[in-house]
Structures are given as C-alpha cells and as structure tokens.
Amino acid sequence: MQYFHEEEQLGKAYDARLMKRLLAYAKPYWGLVLLSIFLLLLITGTELARPLLVQRAIDNHINAYDVPYVALPPHEAPEEAIEFNGNFLYREDWFEEAPPAGERFQVIRAEGKYFLIPGVIDRDTPREVDEINGIFSIITPEENYSGYLLEGEELSQFRSRDISSVINLGLIFLLIISLGFVLNYAQVYMLQYTGQKIVFDIRQELFDHMETLPLSFFDGNPVGRLVTRVTNDTQTLHEMYTAVLVNLFRDIFMLIGIVIVMVSLNWRLALISFAVLPLIFFVTAIFRLKARDAYRQVRVKLARINAFFSENISGMRIVQIFKQEDRKFKEFDNINTDHFKASMRELKVFAIFRPSMEVLYAMGVALILWFGGGSVLQGVLEFGVLYAFINYMEQFFRPINDLTEKYNILQSAMASAERIFMIRDRDPVIKDPAEPKKLATARGKIDFKNVWFAYQEEDWVLRDISFSIEPGETVALVGATGAGKSSIINLLSRFYDIQKGKILLDGNDIRDYSTHDLRKNIGLVLQDVFIFSGTVRDNIRLNNKEISDKRIEEVSRLVNAHTFIEKLPNKYDEEVMERGSTFSSGQRQLLAFARALAFDPAVLVLDEATANIDTETEILIQDALPRLMAGRTNIVVAHRLSTIQSADKIIVMHKGKIREMGNHQELLQEKGLYYNLYLLQYKEDFGEEIRKASS
Amino acid sequence: MKTFFRLKEFIRENKIYYILGILALIGTNSLQLIIPQLLGRFADSIAERQVDQGGIFIFIIVLLGLSLLIAFFRFLWRIYVMGNARRMEYTLRNMLFRHLQSLSTEFFNRHKTGDLMAHATNDIQAVRMALGPGIVLSIDSLFLTTVIIIMMITTIDWQLTLIALLPLPFMVAIVTRFGKIIHTRFKKVQEAFSDLTDRTQENFSGIRVVKGFAQENEEKEKFRQVNQENVDANMHLVRVWGLFMPLVQFISALSFIIVLGYGGILVINGTISLGNFVTFNSYLGMLTWPMMAIGWVFNMIQRGKASMDRLNTLFENKPAVTDQPDAISLESIKGKIEFRNLSFTYPGTDEPVLKNVTFKIPPGQTVGILGRTGSGKTTLMNLLLRLYNPPRGTVFIDDTDIHQIPLETLRENIGYVPQDNFLFSTTIKENVDFASTGRSLKEVEDYTKMAQVYDNIIDFPKKYETLVGERGVTLSGGQKQRISLARALIKDPSILILDDSLSAVDTQTEEAILHNLKEVMADKTSLIIAHRISTLKNADYIIVIEEGEVTQQGNHDELLKEDGLYRELYQKQLLEDKIDSVG
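First to last, the protein sequences are chains L and W. Numbered according to our numbering, the first sequence spans residues 1 to 695. Numbered according to our numbering, the second sequence spans residues 1 to 583.
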C-alpha cells in the first residue's frame, strides 16, 4: 500500500517523445486500430443522419401540404392521383419530370383549418376565411378564392402519400440506428480489446524487464512503488489508448461531419452559426488552463492526505504514547481543509465552464433563429433546415464538453509513461555472455581470486579476497556483522558483479555461465526465509514441476519438516497465510531447508539463522543440517559453534578482509583471533580441551 | 436512511445549502422546460407567418435571457449540492481520523493499514457520490421525468405521449439490470487487478529467492497468467458494459422513431401543430438522460449505503483504553513501578503471554529485562504504557493502580523508545521534539548529542531541517533508533523505557550512549529491554523472562554464576562481539 505515499506528479499533458514510444506499442494492432477508426467513421454517419431525416420529414412531407396540385384529365392521371370533384389531382413534387401545365389547386392552412382552393397563393400571403351558409371563401389582399374545407377522410386522402413517406423515413431510421447499434458495440469491443492487448504487452514487457534488473535496483526502490509501476501506471495508459487516442477520431469525425452537413444544407446559415466558434475556443482555452491547475492541486492534496493518513495509522502507537493526538488531528485537519478548498476551486471552475458552454450554445441557437428565422419568413429557407441546424448545434457541443476529461487522462498518462519508461530504460547490469558456457551439474569447486567488491563507488566491502573450496568441502564464514560474509554469498550467486578479481566455479569465471545455469547449481538458504503465497508444497517446489509430490515429502522428512507439516490441517496442501507469518521462524527455516534440498544443488549456501528459534526446533535444525549438507559443497555463514567446528575450513573475516583461514585445529594452533575467541567463550567449560589441542 | 444517521448533525448544520441547492436545481429544471415550448411556439409562429423579424428578436431575447438564468441556477446548484458533498467528505474524513486516534493498539493489530486506507479513500468517496450527485440525480430524475411527462400530456397529446414513452420503461429496466451485472463483473475486474498486484508484490519482495533459484522464467510465465486473467476479466466486463451505452441510445432512438412516425402523421392530420412536434421532440431528448440516470442513481446510492455501513462498523469500534471513572489526578510521578501477579492474555487469543509476573522497581533504579523474541518483554511494556488494559490490581505506579492514573499523566511521564523506531516524514527537529515541548534548537541539539546522532544530523545539508522518509533522506536503522531515543529523552520523563532500541547501533556507539545516559538515568526509573547482554549488563538489576515467566533475576555477576538463559546468551554473543573488538 506504499503507493499512498506518492505525490502525484503531473508534467506536460503532451510529450511527443513519450507519445511516439507509446504509439509504437499499438503497432502490432494497427489493423484493429484502423478498423476501429473506420467503424467510427460509419458510426458518425449514423449519428449525423437523425437531424437530417427530421429535416426531410418536415420539409418534404409533414410541412409539404401547400405544394400545388395539377388537375389531370382522367386518362393521363396515375393511379395514386386524388379524385376530387371529378378532377384528378396530382402534386407537383410527385412528378418524376417537370410537372405539366394545367389547372392548379392548393391545400392551404387558414385559421387552423385546411382548405382546398382553385389557384395558388404564397405561404406568407395573409388570408382570411369567410363563411356563408357552409360555403367558405378565402380572402387574400389580391384575390378571393372559393375554399373547400378539408376534414377527416378527405384531408387524409390528400396526405396519405405523405403519411406513408413519413413512415418510410421512420423505417429507414430504424435501419440506421440498428446498424449504428451493432457498429457501436463492435467498435467499443474492438477498441477495448486492443487497449487491453496493448496494456498486456506493456505490462508483460515491463515485468520481464524488471526480472532482469539487478538486486541493487530492488534494494534502492520501495516494493510498493515498483508494484505501482507495473499495475496502476499501465492502467492509466489503458485509459489513454481507449478514451483519448481513438475517441479523438470520433470527436474529429463528428465535428467535421457536422460542418459538412451544415454547409451543404445551407452554407450561409452555416457560416453564421460558426460565428460562435472563436468564443468556444477562447472559453475552452481559459478553462483548460484553470482546470489543469485545479485538477493538479486536488490530486497533490489528496495524495498528501493519503500519505498522512497511512503514516498516522502505522505510527498510531507512537502518537498515542506521546499523547500527540490533538496536534496530529490539527495537522490532519489542515491538509484536509487544503484539499477541501482545492476541490471547491476545482468545482467552481467546472461549475462555471459547463453553464457557460450552454450559454454559448444558446447564443449559437439565437444566431440561427435570427438569421434562419428571417430567411424562412422570406421563403428562402425551409423550416426543417432551420430545425436541423439547431439539432446539429447541440451535437456540436458534446465533444467539447468531454474535452476536459480527456485532457486529464492524457496528463496522467504522460506522467505514468514517463515513470514506466524510466524503469524500462534501466540497464540490467548483470548480463549473460553472448555464448555462455554450458553448465549442467557443477562439480562444486569454487575459487575466489583477489576479489574486490563495493556496492557503491570505492566503498570497499571486500578487499582482495582469495580462497578455494574443493568439491564436497564445507566452509564456515565467521565474522561480525558487516565483515563481508553476506557479500561473499551474494557474489557467488552473481547478484552483484565484482569490480576486481575473479570468481570461478569449476575453474571457469562465473560470468562465462548464464546466470540461470549458475544459480540452478547454487542453493540458497537465507536467514530471513521468504514464503510465497500458495500451499506448503508450492513453497518447497517453487515453480519446478519436475519435483514430484513424493520427492517433496522425502526431502521434508530428511530435513525434519515433515512432522510439523503433517500437523497442519491440510498437510502439504495447507495454504500459507500472510507470507508464512503463522509459522515460527524455526519452521520457516526448515521449509527453506526442504526447498534447497528439493533442488539438490551442487553448492549449498546457508546463512545460519540463530535468532528467535525455540529450543525444540533448534534441535531439529541441528539434526537436519548434516543430511542437508551431505554430498555437496557448502558455504555457511556460521553462528553456531557446532557448525564452525565441524567445517573443513573456517574463514575468519574482519572488515572485508580474510584474517585467518584453516580448520578448527589449525586455527587453534595459530593462536590468533579465532583462538582468542574460542578461549574467551569456552575457558570455563572447555579450558582443558583447548590446552590439549594447542599443545 | 438509518445508515446515514452519523451524518445527521452535518446535514442539520448544512441544511440551508441542501435547501438552496435543491431550489436552484428545481429552478434550473423548470426554466429548462420552457425552452422546448419556446422553440415550438417559434416554429408555429414562423409556419403561420404570425411573426416578423422584430418578433424573432423577442424570441431571441427570451431565449438568451432564459439560458443565462439557467446557467446561473446551474452554477448555484453545483456549488451548493456538490460543494456540500465535498464538505461532507471533509467532515467524514476528519471524523474517521479522530475516531481512529481514539482506538487502541489492539484495533490496529487486527486491521491492516491497507484496509483502513480503503475506508478512508474509496468508502468516503462512495458516500460522497451518494450524497452529492446521488441526491441531485435522483431529484433531477424524478422531478424532470414527472414534469416532462405532464407537459407532454397537457400541452401536446396524451396518446402520442403514451406511445412515445412505451420503450422508456425498458430503458429503466435495462439500466438497473445492467447496473447489477456490471457491478458484479466490475468486482471481478477489481479482484483480478488485486491478484495482479499481489503477484507482482510477491515477486518483488521475494526477488532474492526468485533470482537465487533461477526462477525468473517461471515467474514471468506466472505473471503472464495473471496478466492474461486481468485482460479476460476486463473483456468479460466490456462484453456487457460495451453494450450498455449503445443499447441506451438505441432505445431512446426507438422513442424518437415513434415520434417521427406517429407524431408526423398527427401533424399531417392537423391533430397537433408543427410547433407541438418540435416541442415534443425536445422534451423527448430531455427525458433520455433522467431515464438513464434513474438506474444509475439507484446503484450509486446502493454503493454509498454499503460504504457507509462499512464506515459505521469502523465507528462502532469503541476505544478499549480510556480514563476510568475512578481515576485520580496525580501531581507528578516519582517512578516506583510494581508488577503484582500479572498474567495477561491478548484479547481474542487463548495463550497467556505473561504468567504471574511479579517484581518491584524502586524509583530511580535501572532495570534490565532480557528474553528471546516472543517471551513477553514488549507486552510488559505495552501494559505499563496501558496500550492494553492489564487486569486490575496487577500493575502499579507510585503504588497507584495504573487504571486509576489518567492516561495523559501516565504517558506524559513515560519516555518510550520503541523497537520499531517509527519516525514521521517531517523534519528531524520535529521528530526529536515530537512531544512538542517547544524546545529550542540548542536543546534539541543537546539531546541528539546525548543519543550520539548529532554528528550524523549535521552532516546532512539541511541539518535539523532535513526531511525524513521518501521525500527526504533515508536514515539507517541505527540513526532512526538514536533519533527515537532523543525523542524520548527530550521529554525528561520520570520513567524511561528502552525497548530493544539499540539493536541496530554498533557496540561502540551503544557504549557511548549508555555512558551518556548514566547521568540522565540517575534520577529516573529506567527499563532497558535487550537481546544483547552488553546493553544491560550494567543495570542495577536484571530480570530474565522466558515464555512469559520470570525465570531469573539479579545483577550481572550474580546471573553469570547461575546456569540459565542469561549465561547461555552471554557466551553466544561473545563470539560476534569479540571479533569486532579484538580485530
């Protein structure tokens, strides 16, 4: 949970160099990406169709009642012609070609009713209805017409063709939205799939790369932070690929589409509508600036709250022991207030932006109404077109409203990408040679030749270390903390590379082998035993499926681990809880023994644990050690006298140098450091024995 | 709504904001409803030629005026309702922090930091969403839906309304149903993600073993599996989630088709006017959103309720250690300590950690306590600090049962240097003067000199203003221990406890520290807990604890003569220590 400690660091929202690398990950899926973009193009088409269809319905059918009818002689009239008082009426716009000459009739609206008149008047001609005994006359400033009131069946007869056309348009629209539905779903699915694939690749590549990085890398970075790189930072990238990159096309298509449709419907009105564009850009630009700052503030403050909260939970004991609850609460209240204020600022920015966009939209509509309405009145524009413009205007504002969210995503993504690439660009340092020497099973001869080693710069931890170990020998490393014992262990497994000298295994430099082969031959048992989640069995076998269940039980018996494992409710299949914290440290040590023995390495490296082991398990460990060590080369960082005494060779280390080397007897005879130690410790009990040995 | 009773006071105090916010919201909605009417009338006026350019101008003025008013009301409700939700978030977070501070050590042992953090972030967030946007959207949805439908029926045509709204119940049903499925699948995604996190965390934590056993390739393969499972879980979610928006759009488009077809016919028949048609269309557009929101809000409030329930469970944890009604105020503590037949079992466990511990420490004495890890030494100190409640009549300070000593007095008089040397990520000076005694820099320096860490601190570029932790310097274990020592010393307490607190300090420095402390400890009761004999061999009195029982007591020389743990450990440790000193 360490990632709570991290302060959100937000850099640029767009970085071409990072973006180029990020896009490279999309390359293997370019086909899918292109297809997805193509689908977007089609979807945009379906979305643009709606206002256009309404316009058609209104102008060509719903509102088309006053298109003049031509009276045709019966023999020339098509079947659909409307028979009315002996005339066959056929509307001008129903003709395929130019309508022929002939008497004209017209359906007009006056005083909320429909009348058929012989003759044609303009839509904006004022009219009045005069009724005498059920006979209607339509009075216009120029002329008077006899009007026939159309109602019910009769009116429907005139409009039946419009009705079926409107229904047809509805069906076409149903088709379009069904298509849109399918395309939409396909596009979303495809896009998400692509995004997931890309993130899968990035994650895997990052993890694989991190596995090759040296231990020093892991020493220098808190685990929580590294985990965040692999999990959360990659997640942010997913949002960028899906929500931003591809949908950017959606927005662009939409905007371009709307512009094209508007211009082709009526370019004059289109140009007038676009007059609000500069205002939109202006407001958005200001908003973007303010929103970025506000957003950043909120994120930083929230990170601070989380860090403080988590730190205070961990340190609650200290706070309570020192009675500092009130002070810490005040401090918390301060940053909580800071966060509240920042989030109110953010809220205000958004609370101003959204409504102001709506005002801009209203201004756009007002422009359309003013100029468009005037044109409709002058008869140069159909009302449907005007209505379509209002609808398109609304669609035009949608992507602009989403812009801010995308901007935030982009910003976090860039920060995440930066952090990911920083790790991705790290050199593995410990590299396998181009053509590694084969090493199946080592004999186990080890030589350190004038080895100099420092973790950092010239801060030497090992100085000029030389020793050899014959196959099958056991060597005990003795010395104080910091004398360099653990470093020798680390170097043998090539966790770090040495600066000067040579380390040989079976006569070859360990750098000539692949680290894989080298480490396969070295079994490690460290003081602090790491237990993985999974079952006890999994922890002994690790990932090696060649180790059979039978073998696991066998090695467990050999190292005395079997007894306590058998006592677990599920025996070998017991799930390990909480990184093995339910086991005692002695039991963990026994498990590590079993693990090492199961791998049967040529060289066993053992960092003896002494602390926190109960007497009972201590006896089990002492009993198991000889069986664990039999038949291989052993290097033991020794704390127990019994281990030291029985070693073939004892190396006494002090401050990175070898002070004495030899077996127990030899070292006692040398009467040096080891002798003194031994004497000091055992003068009371074993005084006699020592005198005998050294004489 | 009982779930939210803890926020009752907050709601009462801030009800004016809620009322204003809801009024502004209703204002926004009502004004918005006028716009379609306006457009409809405009359409009819134009169609009937009942308007000239001047008339259009009036329409425009009304439209702009309305939209400005709407914008204003919209701004108001956002500020009031959302702002209030954020204020609530702030209050709730403070409440939680305050509450956690009152809880005892036992609680923190039972709850992982990560889980508590999840409460502080996700749950509070969910409650905020429920009480902020949740409230807004539910009122919005209910109000808008009802009023729009009423407007449709009364001002246009009830039959058209009925038919056009036919698909909308399906929409509500689908949103609610989908919401549930999406929620379950989303949980699966979160689980997969947490598996991925665990897998990665475990690998990095155990990297030494992974590399040592050459398991990198196998680990990559394992990672690939969880990585793939994460993709699968996400795609499983996308299969439903991806359907959601297109489906909602499809259903709302169905309504629209009905209006286009049936409504169009009604216009042609003259049942409704073209303006009515335009208005109806606008209303329909306005309906889609609240219809969608109803299901969504339902889920949001559900989630907020679940989160509040979780928070309530946290709030219901009562502090185990509090001042007792029979507490007596003490002027000062002299430092006489007595354990009388103390047996102790941690709450929720069966095994006693301490058994019949009895010993007395006269004021001013230095007592060493030796024992292996898990023998009960730290438990003894936890009880002395009353981090846990010992049974009554077992622990006494100055002959008063510590149950009767106010916590404040007790802890103010004890200087404790813990095992885990926890420092806060602030400056070194603030860490040393953590008890905020308002000491001068000079005094802080003196105490750090006493703790032998002065030289390290002045080596840092910013000296005492150096930040500790991730944003500052990383201190070694020994440096941290010495700073925590200074932190305890600066309180000038009558009782000083060093709980294995010099374990990471090298022998020479340890000796220097103990030398410095001699003078300070002269007038204090001191308890020194250690693994290492060298730390406590000069104590006036040494107590050996094994498996919760006092097995040996006496001074260094006396204990060395006895056959027991003390001598055993002494001999073992000699080996390592002597290599260092002889070399």
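Heads up, the beta-carbon is just placed ideally off N, CA and C, and yes, glycines get one too.
Here the C-alpha atom of Leu518 (chain L) lies approximately 15 Å from the C-alpha atom of Arg208 (chain W). Nearest neighbour of Thr121 (chain W) by Cα position, chosen from L:Ile280, L:Asp538, L:Lys301, turns out to be L:Lys301.
DSSP, read as helix, strand or coil, puts Thr154 (chain W) in helix. In this structure, the straight-line span from the alpha carbon of Asp512 (chain L) to that of Ile469 (chain L) is close to 19 Å. The beta carbon of Val555 (chain L) is closer than 6 Å to those of Ala594, Leu597, Ala598 in its chain, skipping five residues each way along the sequence. Under the DSSP definition of a beta bridge, Met661 (chain L) partners with L:Ile651.
Contacts with chain L at 8 Å (Cβ-Cβ) include Met235 (chain W). The DSSP-derived three-state label of Ile361 (chain W) is strand. With a threshold of 16 other beta carbon atoms within 10 Å, Gln32 (chain W) meets it and is buried. In the structure shown, the three-state DSSP call for Lys305 (chain W) is helix.
Secondary structure note for Glu331 (chain L): its alpha helix (DSSP H) is the uninterrupted segment 325 to 367. Residue pairing by DSSP puts Glu575 (chain L) in a beta bridge opposite L:Thr535.
Taking C-beta atoms as the reference points, Leu131 (chain W) and Gly21 (chain W) fail to come closer than 8 Å.
Note on the stretch 421 to 449 of chain W: whole alpha helix (DSSP H) runs with a minimum of 4 residues are 428 to 432, in chain order. With a contact defined as Cβ atoms closer than 8 Å, Val349 (chain L) and Phe287 (chain L) qualify at about 7 Å. Distances from the CA of Val199 (chain L) to each of W:Ser534, W:Met235, W:Thr105 were compared; the closest alpha carbon is that of W:Met235. Unbroken alpha helix (DSSP H) stretches of 4 residues or longer found wholly inside the stretch 213 to 284 of chain L: 215 to 220, 223 to 228, 234 to 239, 247 to 265, 267 to 273, given in chain order. Along the stretch 74 to 98 of chain L, none of the residues has a CB nearer than 8 Å to a CB of chain W. Contacts with chain W at 8 Å (Cβ-Cβ) do not include Tyr295 (chain L). Around the Cβ of Asn85 (chain L), a 10 Å sphere holds fewer than 16 other Cβ atoms; the residue is exposed. Taking 3 residues as the shortest admissible run, the stretch 7 to 56 of chain L contains no complete beta strand (DSSP E) segment at all. Taking every protein chain shown into account, the CB of Ile619 (chain L) has fewer than 16 other CB atoms within 10 angstroms, so this residue is exposed. The distance from the Cβ of Phe396 (chain L) to that of Leu269 (chain L) is about 14 Å, inconsistent with a contact at the 8 Å cut-off. For Asp52 (chain W), a Cβ of chain L is located within less than 8 Å of the residue's own Cβ. According to the DSSP secondary-structure assignment, Asn508 (chain L) is paired through a beta bridge with L:Leu505. Among the residues of chain L, those whose CB is under 8 Å from the CB of Ser436 (chain W) are Gln324, Arg327, following chain order.
Scanning its chain for C-beta atoms nearer than 6 Å, with the 5 sequence neighbours on each side dropped, one finds around Gly27 (chain W) the residues Phe73, in chain order. Minimum Cα-Cα distance from Ser476 (chain W) among the listed residues W:Ala486, W:Lys463, W:Lys462, W:Asn456 corresponds to W:Asn456. DSSP places Asn87 (chain L) inside the beta strand (DSSP E), whose first and last residues are 87 to 91. Membership of Val70 (chain L) in the beta strand (DSSP E) is indicated by the continuous run 69 to 72.
Annotation: Glu549 (chain W) to Val357 (chain W) spans about 6 Å, alpha carbon to alpha carbon.
Counting along the chain, the unbroken beta strand (DSSP E) around Glu128 (chain L) starts and ends at 128 to 132.
In terms of beta-carbon proximity, His516 (chain L) lines the interface with chain W, with at least one pair separated by less than 8 Å. Within its own chain, the residues whose Cβ lies closer than 8 Å to the Cβ of Ala110 (chain L), once the five positions on either side in sequence are excluded, are Arg127, Glu128, Val129, Ile138, Gly147, listed in chain order. Listed along the chain, the chain L residues whose CB falls inside 9 Å of the CB of Lys222 (chain W) are Asn543. In this structure Ile483 (chain W) is in contact with Val432 (chain W), their Cβ atoms being roughly 6 Å apart against a cut-off of 8 Å.
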